[in-house]
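Here the structure comes first, spelled out in structure tokens, and everything after it is commentary.
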């Protein structure tokens, strides 16, 4: 019984971290007008975060046969952010995978937001992750990967390893090309 409570509590902690990270990603961006600038071809609200990492990829990374139900999707044109939360029963608990994408208004603004995220987690052990995006770092304690590529900030977190997050991020970035 204690083991199942511990697993459930850990899953709830991951969900809370994922949602907090999502809000942090929005907060680290530039708070401009809710209107999309003229000539802007792709905002994060046009990106379906559930297409960046598919249900099948999420299930494989989480070590489950399939995701239990349709993932929770959200998008906000106001902060140019989209997210996807997958969940599945694993053992006696819930396993989660959260994918977040935020399109900056410029590369400089996206870089500032990315650096703000890195500063926000500076007290934790951060590991730079090479060969994914322009820059990336992993937070082991929170099981979160943050990637900057051009104007896009991508976050992947959940009940996965850093290597699994890196592989998922690499696949997501290929889909955006």
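Residue numbers (this note's numbering): -16 to 160.
Just so it is clear, CB atoms sit at the ideal spot from N, CA and C, and this is done for glycine as well.
{"Query": "Classification of residue 53 by the beta-carbon crowding that lies within 10 angstroms, buried from 16 upward", "Result": "exposed"}
{"Query": "Completely contained beta strand (DSSP E) runs for the stretch 56 to 122, where each covers 3 or more residues", "Result": "64 to 73, 76 to 86, 109 to 111 and 118 to 122"}
{"Query": "Inter-residue CB distance, residue 152 and residue 115 (contact presumed, cutoff 8 Å)", "Result": "5 Å"}
{"Query": "Exposed unless 16 or more other CB atoms sit within 10 angstroms - verdict on residue 11", "Result": "Per-residue confidence for residue 11 stands at a pLDDT of 46, beneath the threshold of 50, marking its modelled position as unreliable; the derived number appears in the next sentence. It is buried - the Cβ of residue 11 has at least 16 other Cβ atoms within 10 Å."}
{"Query": "Own chain residues within Cβ distance below 6 Å of residue 36, not counting five before or after", "Result": "82, 151 and 155"}
{"Query": "Beta-carbon proximity list for residue 143, same chain, < 6 Å, skipping 5 on both sides", "Result": "44"}
{"Query": "Touch test, the stretch 130 to 139 against the stretch 80 to 94, Cβ-Cβ under 8 Å, three pairs minimum", "Result": "yes"}
{"Query": "Assigned secondary structure, residue 21 (DSSP; H/G/I helix, E/B strand, else coil)", "Result": "Note that residue 21 has pLDDT 36, beneath the 50 cutoff, so the model's placement of it is unreliable and no number is given."}
{"Query": "Helix, strand or coil at residue 144 [DSSP, three-state]", "Result": "coil"}
{"Query": "Residue 46 in three-state terms, based on DSSP", "Result": "coil"}
{"Query": "Residue from 51, 98 and 40 with nearest C-alpha to residue 131", "Result": "98"}
{"Query": "Residues that residue 134 bridges to, as DSSP identifies them", "Result": "For residue 134, which the question treats as bridged, DSSP gives no partner whatsoever."}
{"Query": "Rounded separation between residue 72 and residue 38 - CA only", "Result": "14 Å"}
{"Query": "For residue 107 and residue 61, the rounded distance between their alpha carbons", "Result": "30 Å"}
{"Query": "Status (buried if at least 16 other CB within 10 Å, exposed otherwise) for residue 70", "Result": "buried"}
{"Query": "For residue 159, three-class secondary structure by DSSP", "Result": "helix"}
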